[in-house]
Amino acid sequence: MSQWNFPPKGGYEDFAVSLGVKRSEDNDELDYARRHLVVAAKAAGKLAVDTVYTDVNDEMGLRKMTEQGRRLGYDGKFVISPRQVPVVHDVYTPTETEILHARQVRAAMAEAEREGRGVAVLNGKMLDKPVLRQAETTLALAAASGALERGAAADG
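Heads up: the sequence shown begins at 204 in our numbering, then just goes up one per residue.
As C-alpha cells, then:
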C-alpha cells in the first residue's frame, strides 16, 4: 500500500502530507495547488474558497495568507475560529478607494456607451467591458458587505 494519499481528500494540510513536505510560514509549497485550484474553479464557473489558516493566534499570518488568496482570485476563505472572521471580512471588503474607482469606471463606461464607443479612458488607462464587469463585481461586493452604504454616508 502506498504511503501517498493522491488525490488528497482534505485541505492543504492533507496536500502537504501527500507531497511529503512540511508547511512553511510563507506557504511556498502550496503555491502550485492554490493557483491551479482557483483557475479550475473559475473555469468551471464556481466560487473559489481558500483553505483555513490553522494558527488561530496568528492574526498577521492569517491576514497575509488571506490577502494573497484575494490577489490570486479567491472569492473568500474558510475559517476555523470566529476570531478569524473580522480579518477575512476586512480583506475581502472593498476599500473606499476601490469603491470610488469602480464608480468612476462605471460612469466613464456609461458615457462611452452613450457616445457609441465600446471603450473609455480613465486616468490615462483604457477601460473596456471586462474592466466594467470587474467594477460591477466590486460594487456588488461592497453593497453586500455594507461598505457601499458606509461610503455613501461618508460622501455626505
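The beta-carbon is built from N, C-alpha and C at its ideal position, and this holds for glycine as well.
- K267 carries a helical assignment under DSSP once its states are collapsed to helix, strand and coil.
- By the 16-neighbour rule on beta-carbons within 10 angstroms, P297 is buried.
- Between R266 and Y277, the alpha-carbon positions lie close to 14 Å from each other.
- One alpha carbon belongs to K280, the other to G272, and they sit about 8 Å apart.
- Across the structure, E318 and A246 are spaced so that their CA atoms are roughly 34 Å apart.
- A straight line joining the alpha-carbon of V288 with that of L250 spans about 18 Å.
- Less than 8 Å divides the Cβ of I302 from the Cβ of A345.
- Taking 8 Å as the cut-off, the Cβ atoms of F218 and A236 count as close.
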